[in-house]
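Heads up: the structure comes next, in structure tokens.
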Amino acid sequence: MTDLSHIRNFSIVAHIDHGKSTLADRLLEECHAVDQRIRAEQLLDSMELERERGITIKASAATLHYTAGDGEDYVLNLIDTPGHVDFNYEVSRSLAACEGAVLVVDASQGVEAQTLANTYLAIDANLEVLPVINKIDLPSARPAEVKAEIEDIIGIPAEDAPEISAKNGINIRAVLERIVADIPAPQGDRNAPLQALIFDSQYDSYRGVIVYTRIKEGMIRAGMDIQMMATGAVYKVVEVGTMGAGTLTPAEALGAGEVGYITASIKTVADTKVGDTITGLDNPAPEPLPGYRAVQPMVFSGVYPADGAKYQDLREALEKLKLNDASMSYEMESSIALGFGFRCGFLGLLHMEIIQERLEREYNLDLITTAPNVVYRVTKTNGEVMMVYTPLDYPDPMEIQLAEEPYAKVNIIAPQEYVGNIMELCQNRRGEFKDMVYLDATRVELHYEMPLNEIIYDFFDALKSRTRGYGSLDYELIGYRPSRLVKLDILLNGEIVDALSFILFADNAYPRARKICEKLKENIPRAQFEIPVQAAIGGKIIARETIKALRKDVLAKCYGGDITRKKKLLEKQKEGKKRMRTFGTVSVPSEAFMAVLKLDED
Amino acid sequence: MAFLIKRPNKTPLGLYIHVPFCRSKCQYCDFYSLATKDDSLIDGYLDAVCDHIKEAGELAPGYKVDTIFFGGGTPSFFGAEGIAVILTTIRRNFDVDDGAEITVECNPDSVSDRLLRRLRAEGVNRLSLGIQSDDDEMLKKLGRPHTYSQAVMAYQRMRKAGFRNISVDLMYGLPGQDIQDWAETLDNVLRLNPEHVSCYALKVEEGTPFAELKDVLNLPDDDTQAEMYLTAVDTLKGRGFRQYEISNFCRKGLTSRHNLKYWTGGEYLGFGPGASSDFAGKRYSLKRDLQAYISGIRDGGDIIEDLQEIPNRERAGEYLMLRLRTSQGIEAREYEKMYLLPFAPLEEVMEKRRRLYHATQTDTGRWVLTPKGFLVSNDIISDLLLAQDGSEPLKKL
Chain A
1 MTDLSHIRNF
11 SIVAHIDHGK
21 STLADRLLEE
31 CHAVDQRIRA
41 EQLLDSMELE
51 RERGITIKAS
61 AATLHYTAGD
71 GEDYVLNLID
81 TPGHVDFNYE
91 VSRSLAACEG
101 AVLVVDASQG
111 VEAQTLANTY
121 LAIDANLEVL
131 PVINKIDLPS
141 ARPAEVKAEI
151 EDIIGIPAED
161 APEISAKNGI
171 NIRAVLERIV
181 ADIPAPQGDR
191 NAPLQALIFD
201 SQYDSYRGVI
211 VYTRIKEGMI
221 RAGMDIQMMA
231 TGAVYKVVEV
241 GTMGAGTLTP
251 AEALGAGEVG
261 YITASIKTVA
271 DTKVGDTITG
281 LDNPAPEPLP
291 GYRAVQPMVF
301 SGVYPADGAK
311 YQDLREALEK
321 LKLNDASMSY
331 EMESSIALGF
341 GFRCGFLGLL
351 HMEIIQERLE
361 REYNLDLITT
371 APNVVYRVTK
381 TNGEVMMVYT
391 PLDYPDPMEI
401 QLAEEPYAKV
411 NIIAPQEYVG
421 NIMELCQNRR
431 GEFKDMVYLD
441 ATRVELHYEM
451 PLNEIIYDFF
461 DALKSRTRGY
471 GSLDYELIGY
481 RPSRLVKLDI
491 LLNGEIVDAL
501 SFILFADNAY
511 PRARKICEKL
521 KENIPRAQFE
531 IPVQAAIGGK
541 IIARETIKAL
551 RKDVLAKCYG
561 GDITRKKKLL
571 EKQKEGKKRM
581 RTFGTVSVPS
591 EAFMAVLKLD
601 ED
Chain B
1 MAFLIKRPNK
11 TPLGLYIHVP
21 FCRSKCQYCD
31 FYSLATKDDS
41 LIDGYLDAVC
51 DHIKEAGELA
61 PGYKVDTIFF
71 GGGTPSFFGA
81 EGIAVILTTI
91 RRNFDVDDGA
101 EITVECNPDS
111 VSDRLLRRLR
121 AEGVNRLSLG
131 IQSDDDEMLK
141 KLGRPHTYSQ
151 AVMAYQRMRK
161 AGFRNISVDL
171 MYGLPGQDIQ
181 DWAETLDNVL
191 RLNPEHVSCY
201 ALKVEEGTPF
211 AELKDVLNLP
221 DDDTQAEMYL
231 TAVDTLKGRG
241 FRQYEISNFC
251 RKGLTSRHNL
261 KYWTGGEYLG
271 FGPGASSDFA
281 GKRYSLKRDL
291 QAYISGIRDG
301 GDIIEDLQEI
311 PNRERAGEYL
321 MLRLRTSQGI
331 EAREYEKMYL
341 LPFAPLEEVM
351 EKRRRLYHAT
361 QTDTGRWVLT
371 PKGFLVSNDI
381 ISDLLLAQDG
391 SEPLKKL
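Going down the list, the sequences are from chains A and B.
Heads up: the first sequence is residues 1 to 602, going by this note's numbering.
Heads up: the second sequence is residues 1 to 397, going by this note's numbering.
Below you can see the structure in the form of structure tokens.
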């Protein structure tokens with residue numbers, strides 16, 4: 001076991017795309033933690049999706065062995081953190097496992113919203129923050145200015161911050177030296193009762209859940225009986241060890257100050273909640289480590305198999321995904337229109353997209369997803385207070401005494417020339433302006449309070465497009481406020497398609513209803529008869545379009561004996577019909593549902 | 001005693017010869033052809049096709065060729081000499097029926113009296129003339145290398161040369177065309193009194209010049225195209241034509257026997273780059289590349305693009321897809337006997353379509369599409385394929 005004085009536990013924080021994962025890879029390489037032959041694009045982001053999207057979705061960790069300039073051997077534990085607002089709680093738990101954080105700032109972009117947000121999280125966790133200026137080889141790099149920004153805006157010294165290029169391996173050792181020199185060694189008593197913080201866990205089909213943990217006090221070893229303090233679950237430890245890049249190295253024991261993994265025949269990650277404390281059953285700690293909270297999904301959406309017969313497959317896929325993602329929730333739901341499916345809860349829209357993509361890719365499912373919604377709070381006239389997770393449950397307007405929707409505090413950072421655009425956007429999204437702070441001569445931070453519902457759809461994309469990509473966003477929930485809400489129903493051929501209903505702010509209903517009807521008209525194929533598409537609130541029609549009857553769908557020329565190509569066309573058409581849902585007499589392809597989700601993109 | 005000798009029953013076979021040469025490429029065309037009359041290319045092509053025919057002839061001893069079709073490209077532009085050489089080669093290597101239908105596609109700009117005389121002499125008995133439109137401006141837009149009066153002259157030459165089975169090709173749904181224009185085209189062309197008319201809707205195919213221009217072409221919308229189609233059906237019916245396929249109309253029973261093979265599951269062999277075949281249970285097409293075809297035939301290389309053995313259920317799907325294009329339509333007993341699959345789920349689809357006036361049933365119980373049904377035939381066929389998908393094979397008939 002390494003002496004405490006020779007251990008450094010740190011994580012890397014950054015705004016998205018500032019080079020966090022690339023730096024992590026270079027540190028691993030520098031410490032020979034990586035076999036060059038197996039080098040994937042980015043080593044710590046192991047999920048295929050993560051690499052594609054260029055963001056870290058789950059935390060991950062690696063142990064590095066570094067011989068420093070002072071000739072001593074150090075153990076450096078790098079704990080990677082997720083890089084998106086949806087996963088802020090996970091970030092905070094990863095940070096709680098560290099004593100320091102390397103703050104990566106892009107030498108040309110400078111400080112951005114998540115630079116700030118993540119640094120504050122690090123400072124809140126009492127971490128030593130070590131700024132590093134990355135991408136100094138870019139022609140647009142302005143390291144001196146960026147250092148000044150860090151000092152002005154964040155208020156931490158940055159004069160000596162290493163200037164590096166993670167991509168080209170410039171100055172990587174300087175970062176390692178600073179980690180050893182500036183980040184405090186962990187403290188802890190290896191003879192005290194065990195307190196180990198869970199900062200991540202992963203499901204492995206052979207070993208069960210692999211729990212990533214930071215030992216705060218005491219020791220843990222194979223064979224020991226342990227208990228999760230929040231869930232109360234008890235296990236016998238099978239194995240403990242440390243992580244390399246993509247490898248696990250068993251060890252005899254882990255002691256205070258160390259970072260490693262444990263396995264204990266745990267069947268689901270839901271039993272190993274991030275932020276929970278592991279203690280020994282025999283000599284338990286009097287109290288858990290601070291900061292645990294149960295993660296609550298904020299965005300809900302109905303997930304249905306495009307082919308109704310695949311319901312069981314979807315259930316099994318969700319069960320498996322849930323093994324590895326405790327922050328997602330799912331509950332059976334049935335819709336008249338779509339049959340059996342699930343109401344799934346997600347941390348945010350990105351999380352939702354990731355889960356959907358994983359279901360479609362890894363489990364080969366075709367899905368129909370209904371419009372995402374937040375959780376509304378409704379007080380009924382009989383005094384009953386209910387949380388509404390799905391439009392299907394929204395009470396009749398006559399029964400509603402008070403409807404409330406969740407609000408969030410929103411911080412936006414952007415160059416000042418876009419302030420007008422941003423204000424217009426936020427106003428359109430019912431944002432309440434709080435204040436605006438000049439971060440430096442050219443950049444401002446705006447604070448708004450805004451309904452969460454307005455943020456989850458496409459706010460971030462809209463912000464990006466109105467600030468030419470320079471705007472950055474961070475938000476957190478601040479509670480419920482009364483609101484004028486209505487439920488909008490969509491009728492096809494006179495019948496309500498419940499899966500297309502959703503709840504929205506009353507003033508937005510008319511324009512949105514019109515847009516939905518237009519989109520559906522574009523996406524529902526013409527049938528043998530005319531189909532009215534209507535939008536209604538409480539039975540009152542507020543928008544209408546008509547899909548004309550199909551007149552022509554024919555391959556006029558079937559000639560020269562080339563039948564194969566025509567056959568493929570008809571085959572495709574047949575497959576398309578398989579994926580259509582029939583509502584009454586109207587067949588709706590799953591694309592139509594997608595189109596409704598993407599309403600605001602044009 | 002000759003009558004006691006049992007003659008082997010030979011299977012009918014169609015031959016298609018793809019002639020990939022044109023004076024110029026039309027703006028909408030996606031058939032494989034080259035705008036060239038390069039002698040060495042043409043010689044190379046001719047040798048390759050003839051060698052190919054010799055090879056194939058050896059594989060088809062049990063067949064009798066009853067249709068031959070020269071398509072393209074523009075066979076008339078390629079010329080009578082080459083066609084004559086190919087026909088001679090065919091006769092030497094295949095058993096060609098005396099009454100075989102032999103068609104040559106012609107364009108108005110390459111029809112001469114000499115060509116026609118020679119074709120007659122070689123036994124060609126059916127001509128197909130690509131007129132497309134009676135409007136010179138439109139012909140120009142389409143990239144056709146001829147005027148309408150050239151087309152009329154070509155037609156009259158054909159008659160004068162003694163051809164009694166002439167088909168004309170027309171197109172509708174053309175840029176800026178309205179129903180009135182189309183009705184006039186039909187009127188004008190029908191005055192020529194052809195035995196056979198094909199009316200094709202313009203379809204903008206990917207990779208053609210028109211595909212790039214799609215948005216500025218001012219093409220009639222689907223509803224207008226549907227009207228145009230029904231106008232053609234009505235007009236032709238009024239003039240004594242019988243509609244025997246979605247886009248094909250004939251008088252005096254003069255169907256295109258060759259094309260009917262495509263739609264009724266007959267066997268055919270294709271020669272020349274891009275040609276398709278359905279022979280001995282396999283479908284395949286040849287590469288759309290003249291050089292590759294020539295060198296492939298010469299050196300024994302691979303000229304086949306995509307060869308598929310068609311499983312039973314897929315054949316059954318083809319039956320539905322192709323037969324419903326024709327006035328023969330589909331029939332329960334025939335279908336079940338041929339494919340050992342139940343017709344009942346299909347019957348249900350057809351019943352529904354009957355109620356929409358998309359289909360009718362003849363006295364003999366055959367299901368055929370109405371003109372209105374032809375217009376949405378993809379929708380109907382894909383419904384049938386879907387209904388067929390889940391069906392269990394019949395245990396017994």
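Glycine included, every Cβ here is placed at the ideal spot set by N, Cα and C.
Nearest neighbour of K203(B) by Cα position, chosen from T185(B), V233(B), M171(B) and Q180(B), turns out to be M171(B).
DSSP places N9(A) in the strand class (E or B) of the three-state scheme.
Taking the Cα positions, K548(A) is about 13 Å away from T224(B). About 16 Å separates the beta carbon of D562(A) from that of N378(B), a gap too long to meet the 8 Å contact definition. For the pair A185(A) and E258(A), the CB atoms are not nearer than the 9 Å cut-off. Within the stretch 552-575 of chain A, those residues whose Cβ lies closer than 8 Å to any Cβ of chain B are, in chain order, K552, D553, V554, L555, A556, K557, C558, Y559, G560, G561, D562, I563, T564, K566, K567, L569, L570, E571, Q573 and K574.
Within chain B, the residues whose beta carbon sits less than 7 Å from that of L550(A) are V376 and D379, listed in sequence order. Excluding five sequence positions before and after E309(B), the CB atoms of its chain that fall closer than 7 Å to its own CB belong to G281 and K282, given in chain order. As the crow flies, the alpha-carbon of F21(B) is around 12 Å from that of F70(B).
Restricting attention to R221(A), D137(A), P250(A) and T67(A), the CA atom closest to the CA of H32(A) is found in T67(A). Contact fails between the stretch 423-440 of chain A and the stretch 385-392 of chain A, because fewer than three Cβ pairs, one in each stretch, are under 8 Å apart. Proximity to R120(B) across R164(B), L59(B) and D43(B) peaks at R164(B), based on C-alpha coordinates. DSSP places N523(A) in the uninterrupted alpha helix (DSSP H) bounded by A509 to N523. In this structure A80(B) is in contact with R118(B), their Cβ atoms being roughly 4 Å apart against a cut-off of 8 Å. Following the DSSP letters along the chain, one finds K380(A) inside the beta strand (DSSP E) bounded by residues Y376 to K380. Neighbours of K577(A) in chain B, taken as residues at a C-beta separation under 8 Å, are given in chain order as S382, D383 and L386.
Under a 10 Å Cβ-count criterion, R343(A) is classified as buried, with 16 or more other Cβ atoms of the shown protein chains found around its own Cβ.
For N428(A), the enclosing alpha helix (DSSP H) starts and ends at V419 to N428. Residue-level contact check: M138(B) does not touch chain A, since none of the beta carbons of chain A fall below 9 Å from its beta carbon. Not a single C-beta of chain A is nearer than 9 Å to the C-beta of R144(B).
Beta-bridge annotation (DSSP): P12(B) is paired with K64(B). Using a Cβ-Cβ distance cut-off of 8 Å, the stretch 30-44 of chain B and the stretch 567-581 of chain A are not in contact, since fewer than three pairs of beta carbons, one from each stretch, lie closer than that value.
Here the alpha carbons of Y480(A) and P193(A) stand approximately 41 Å from one another.
For I563(A), the three-state secondary structure derived from DSSP is coil. Chain-order list of chain A residues neighbouring I303(B): empty, with the shortest C-beta distance near 16 Å, by a criterion of under 7 Å. Here I79(A) is not near S21(A), since their CB atoms are 9 Å or more apart. Counting C-beta atoms within 10 angstroms of its own C-beta, M243(A) has 16 or more neighbours from the protein chains shown and is therefore classed as buried. Counting only unbroken stretches of 4 or more residues, the alpha helix (DSSP H) elements lying wholly within the stretch 288-366 of chain B are 290-299, 312-323, 332-339 and 344-355, in sequence order. In this structure, the alpha-carbon of K557(A) lies about 42 Å from that of R512(A). According to the DSSP secondary-structure assignment, G255(A) is paired through a beta bridge with M219(A). The C-beta of K203(B) comes closer than 9 Å to at least one C-beta of chain A. Within the same chain, V444 come within 7 Å of Y438(A) by CB-CB distance, once the 5 residues on both sides are set aside. Close to chain B, meaning a Cβ-Cβ distance shorter than 9 Å, are the following residues of the stretch 519-539 of chain A: P525, R526, A527, Q528 and F529. Using a Cβ distance threshold of 9 Å, Q328(B) and R353(B) do not count as a contacting pair. For the options I381(B), P145(B) and A84(B), the alpha carbon positioned closest to that of S110(B) is the one of P145(B). Judged by their CB atoms, A337(A) and F199(A) are not nearer to each other than the 9 Å cut-off.
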